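Undergrad:
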Amino acid sequence: MEVVQVLHMNRGVGVTSYAMNSTVQSKIISVTKPAMMSAIEKTLRSISWPVTMGIADLGCSSGPNTLLVISEILNAVHATCRRFEQSSPEFKVYLNDLFSNDFNNIFSSLPAFYRKQKQDKGSEFGPCFILGVPGSFYGRLFPSNSLHFVHSSSSLHWLSQVPVEVEGTSLNKGKIYISKSSPRCVLEAYSSQFQKDFSIFLKSRSQEMVPGARMVLSLMGRKDMDPTTPESCYQWELLAHALMSMVAQGLIEEEKVDSFDAPYYAPCMKELKLEIEKEGSFVMDCSEAYEIDWDDGAEMASDDSSGERVARTIRAVVESMLESHFGCHIMDELFRRYAKLVGDHLSNNRTKYVNLVISLLKN
Ligand SMILES: C[S@@+](CC[C@H](N)C(=O)[O-])C[C@H]1O[C@@H](n2cnc3c(N)ncnc32)[C@H](O)[C@@H]1O
Numbered sequence: 006m007e008v009v010q011v012l013h014m015n016r017g018v019g020v021t022s023y024a025m026n027s028t029v030q031s032k033i034i035s036v037t038k039p040a041m042m043s044a045i046e047k048t049l050r051s052i053s054w055p056v057t058m059g060i061a062d063l064g065c066s067s068g069p070n071t072l073l074v075i076s077e078i079l080n081a082v083h084a085t086c087r088r089f090e091q092s093s094p095e096f097k098v099y100l101n102d103l104f105s106n107d108f109n110n111i112f113s114s115l116p117a118f119y120r121k122q123k124q125d126k127g128s129e130f131g132p133c134f135i136l137g138v139p140g141s142f143y144g145r146l147f148p149s150n151s152l153h154f155v156h157s158s159s160s161l162h163w164l165s166q167v168p169v170e171v172e173g174t175s176l177n178k179g180k181i182y183i184s185k186s187s188p189r190c191v192l193e194a195y196s197s198q199f200q201k202d203f204s205i206f207l208k209s210r211s212q213e214m215v216p217g218a219r220m221v222l223s224l225m226g227r228k229d230m231d232p233t234t235p236e237s238c239y240q241w242e243l244l245a246h247a248l249m250s251m252v253a254q255g256l257i258e259e260e261k262v263d264s265f266d267a268p269y270y271a272p273c274m275k276e277l278k279l280e281i282e283k284e285g286s287f288v289m290d291c292s293e294a295y296e297i298d299w300d301d302g303a304e305m306a307s308d309d310s311s312g313e314r315v316a317r318t319i320r321a322v323v324e325s326m327l328e329s330h331f332g333c334h335i336m337d338e339l340f341r342r343y344a345k346l347v348g349d350h351l352s353n354n355r356t357k358y359v360n361l362v363i364s365l366l367k368n
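Per my numbering, the sequence shown starts with residue 6, numbered consecutively.
1. Taking residue 160 as the reference, give the member of 222, 169, 286 and 331 with the closest Cα.
2. Indicate whether residue 295 and residue 36 have their beta-carbon atoms separated by less than 9 angstroms.
3. Report the rounded CA-to-CA distance for residue 251 versus residue 132, giving the unit in angstroms.
4. Shortest alpha-carbon distance to residue 114 belongs to which of 123, 71 and 86?
5. Exposed or buried, which one is residue 282 when buried takes at least 16 other CB atoms within 10 Å?
6. Nearest CA to the CA of residue 268: which residue from 291, 208, 199 and 316?
7. Just how far apart, CA to CA, sit residue 262 and residue 167?
8. Are the CB atoms of residue 244 and residue 181 within a distance shorter than 9 angstroms?
9. Does residue 47 come out as helix, strand or coil in the three-state DSSP assignment?
10. Just how far apart, CA to CA, sit residue 129 and residue 96?
11. Would you mind giving the Cβ-Cβ distance between residue 101 and residue 142, rounded to the nearest angstrom? I have them listed as a contact below 8 angstroms.
12. Relative to the C-alpha of residue 319, which residue among 24, 6 and 361 is closest?
13. For ligand 1, any of its heavy atoms closer than 8 angstroms to the Cβ of residue 266?
14. Is residue 241 near ligand 1, judged by its Cβ being under 8 angstroms from some heavy atom?
15. On the three-state DSSP scale, how would you describe residue 255?
16. Should residue 362 and residue 228 be called a contact, given that it needs their Cβ atoms to be closer than 9 angstroms?
17. Residue 192 to residue 18, Cα distance in whole Å?
18. Tell me which residues share the same chain as residue 232 and place their Cβ nearer than 6 angstroms to its Cβ, disregarding the 5 neighbours each side in the sequence.
19. Measuring alpha carbon to alpha carbon, tell me which of 90, 367 and 203 ends up nearest residue 279.
20. Flag residue 71 as yes when its Cβ comes closer than 8 angstroms to any non-hydrogen atom of ligand 1, and as no otherwise.
21. For residue 370, which option in 136, 6 and 156 has the closest C-alpha, if you only look at C-alpha atoms?
22. Just to confirm the assignment, what range does the alpha helix (DSSP H) spanning residue 340 have?
23. Excluding five sequence neighbours on each side, which residues of the same chain lie with their C-beta closer than 7 angstroms to the C-beta of residue 11?
24. Using the three-state DSSP reduction, which class does residue 306 fall into: helix, strand or coil?
25. Secondary structure at residue 57, three-state DSSP: helix, strand or coil?
26. Sorry if obvious, but does the Cβ on residue 36 come closer than 8 angstroms to a heavy atom of ligand 1?
27. Using only the alpha-carbon positions, how far apart do residue 249 and residue 98 sit?
28. Can you tell me whether residue 119 is buried or exposed, with buried defined as 16 or more other CB within 10 angstroms of its CB?
29. Which residues in the same chain have their Cβ closer than 8 angstroms to the Cβ of residue 226, if we skip the five residues on either side of it in sequence?
30. Can you name, in chain order, every residue of its own chain whose Cβ lies under 6 angstroms from the Cβ of residue 288, other than the five neighbours on each side?
31. Compare the C-alpha of residue 22 against each of 201, 153 and 68 and name the closest.
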């Protein structure tokens, strides 16, 4: 699977779109806010109030969260400048995602965004130039020494590729991600792919960020050292069950399930720290792990069951990959079964994702 070409969140604003099903990620943005505000204040003070501030959001997707993050960042800069009686910088804001992201959807929301910024902040606020930057964050995206603040939310758990040792093989039989039944070599291949990717990510950002700049990253992870812990795997386990129930009824070939594996990895904090120390360009300023309910932030007033809501949240994120492997004709049935399995699971368990948040200072 060519992740760079295949992966995109569901486009538009329809029932299965990411824009309409990203409340969990929005909740994650809100828990990350204190770390982001503190990193912005420290950055502005340590790099002596830059005239132009380069800001990047990596894996910005499209929908309400994209510009919500940017307005939170601009608000934090604005508040800090006022508090220290400094003038506001000009902003160059880079929105990055993979090539097939729905950038048009973001661009069409920009007039309202610019209007609101002007209204809220008035003329003392520096001009803000927003640019779209398509490409993979596992490589260079920006000119050298051009960034003062980098943010990424709910994106870095996506790998650049399925580990080559696993891709297209039936090593992980009947499963689509790390599972209790996965052989040791599958766990090792995933962990090693994450290390390689995260190291390239850090190296690329280290060239693009000025000394004293900061980066706040939040991603799905785990508290447990064991990569097969349900807190990082169970959503994939249930999706594999749904696929295998379709195999049992002859709706999908078993070989198709065996040969699909998700380009995803939920690390523990120790793995992040190790890679940051090994790469050497950044110091970890702070780190936190938060628990987020599978159904967090969802609109409780809706008639849908929590199983249906959670299934839609996952569908909005993974459908493009599943569609390219299994075909679009099975998607409605697959997610109907998945919603039922998730609902049964949630009725007996309070299930949470673990979200890791780290703030890094560029040396
Ligand atoms: C779940 S969305 C999160 C979007 C947004 N940051 C939020 O919090 O709502 C993850 C995003 O990361 C993007 N992504 C995954 N791998 C990427 C890569 N290598 N380079 C750039 N973006 C990537 C996906 O395309 C997707 O839009």
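For every residue, glycine included, the Cβ atom is placed at its ideal position computed from N, Cα and C.
On a predicted model such as this, the values are computed, not experimentally measured, just so you know.
TA: Taking the structure as given:
1. The sequence position of residue 160 within the sequence shown is 155, counting from 1. With distances taken between Cα atoms, residue 160 lies closest to 222.
2. Numbered from its first residue, the sequence shown carries residue 295 at position 290. Numbered from its first residue, the sequence shown carries residue 36 at position 31. Closer than 9 angstroms, so yes.
3. By one-based count along the sequence shown, residue 251 stands at place 246. By one-based count along the sequence shown, residue 132 stands at place 127. Approximately 54 angstroms between the Cα atoms of the pair.
4. Counted from its first residue, the sequence shown places residue 114 at position 109. Checked all of 123, 71 and 86; the closest Cα to residue 114 is 71.
5. Within the sequence shown, numbered from 1, the residue matching residue 282 stands at position 277. Counting Cβ neighbours within 10 Å, residue 282 comes out exposed, since fewer than 16 surround it.
6. Start at 1 with the first residue of the sequence shown, and residue 268 comes out as number 263. Nearest option by C-alpha distance: 199.
7. In the sequence shown, residue 262 corresponds to position 257, counting from 1. In the sequence shown, residue 167 corresponds to position 162, counting from 1. Taking the straight line joining both Cα atoms gives about 14 angstroms.
8. For the purposes of this step, residue 181 is taken as the residue at position 176 of the sequence shown. For the purposes of this step, residue 244 is taken as the residue at position 239 of the sequence shown. Result yes, Cβ atoms of residue 181 and residue 244 sit closer than 9 angstroms.
9. As a working note, residue 47 is residue 42 in the sequence shown. Residue state for residue 47 is assigned as helix, using DSSP reduced to three classes.
10. Along the sequence shown, read from residue 1 onward, the residue named residue 129 stands at position 124. Along the sequence shown, read from residue 1 onward, the residue named residue 96 stands at position 91. Roughly 13 angstroms separates the two Cα atoms.
11. The residue labelled residue 101 in the question sits at position 96 within the sequence shown. The residue labelled residue 142 in the question sits at position 137 within the sequence shown. Yes, residue 101 and residue 142 are in contact; Cβ-Cβ is about 6 angstroms, under 8 angstroms.
12. As a working note, residue 319 is residue 314 in the sequence shown. Selected option, being the one with the closest Cα: 24.
13. As a working mapping, residue 266 is identified with position 261 in the sequence shown. False, no ligand heavy atom lies under 8 angstroms from that Cβ.
14. Here residue 241 refers to the residue found at position 236 when the sequence shown is read from its first residue. No, the beta carbon of residue 241 sits no closer than 8 angstroms to any heavy atom of ligand 1.
15. Residue mapping note: residue 255 aligns to position 250 of the sequence shown, counting from 1. In this structure, DSSP gives residue 255 a state outside helix and strand, which the three-state scheme calls coil.
16. Start at 1 with the first residue of the sequence shown, and residue 362 comes out as number 357. Start at 1 with the first residue of the sequence shown, and residue 228 comes out as number 223. Residue 362 places its beta carbon 9 angstroms or farther from that of residue 228.
17. As a working mapping, residue 192 is identified with position 187 in the sequence shown. As a working mapping, residue 18 is identified with position 13 in the sequence shown. Straight-line Cα distance between these residues: approximately 36 angstroms.
18. Your numbering for residue 232 matches position 227 in the sequence shown. Closer than 6 angstroms at Cβ, skipping near neighbours: 183 and 192.
19. The residue you call residue 279 lines up with position 274 of the sequence shown. Per the Cα distances, 203.
20. In the sequence shown, residue 71 corresponds to position 66, counting from 1. Yes, since a heavy atom of ligand 1 falls inside the 8 angstroms radius drawn around the Cβ of residue 71.
21. Given a span of 6 to 368 for the chain in the structure shown, any question on residue 370 remains unanswerable.
22. As a position in the sequence shown, residue 340 is number 335, starting the count at 1. Segment 336-353, the alpha helix (DSSP H) holding residue 340.
23. If you number the sequence shown from 1, residue 11 lands on position 6. The residues are 325, 326 and 329.
24. Residue mapping note: residue 306 aligns to position 301 of the sequence shown, counting from 1. The pLDDT assigned to residue 306 is 49, lower than 50, so where the model puts this residue is not dependable, and the model offers no usable value.
25. Translated into the one-based positions of the sequence shown, residue 57 becomes position 52. The answer is strand: DSSP assigns residue 57 an E or B state.
26. Position 31 of the sequence shown, counted from the first residue, corresponds to residue 36. No, the beta carbon of residue 36 sits no closer than 8 angstroms to any heavy atom of ligand 1.
27. As a first step, residue 249 must be located in the sequence shown, where it is residue number 244. As a first step, residue 98 must be located in the sequence shown, where it is residue number 93. Cα to Cα, the separation comes out at about 44 angstroms.
28. Taking the first residue of the sequence shown as 1, we reach residue 119 at position 114. With fewer than 16 Cβ atoms within 10 Å of its Cβ, residue 119 is classed as exposed.
29. What you label residue 226 is simply residue 221 of the sequence shown in a count that begins at 1. Same-chain partners within the cutoff: 162, 237, 271, 272, 273, 274, 277, 294, 359, 360 and 361.
30. Here residue 288 refers to the residue found at position 283 of the sequence shown. Cβ neighbours of residue 288 beyond the five flanking positions: 366.
31. Position 17 of the sequence shown, counted from the start, is the residue given in the question as residue 22. Measuring from the Cα of residue 22, the nearest candidate turns out to be 68.
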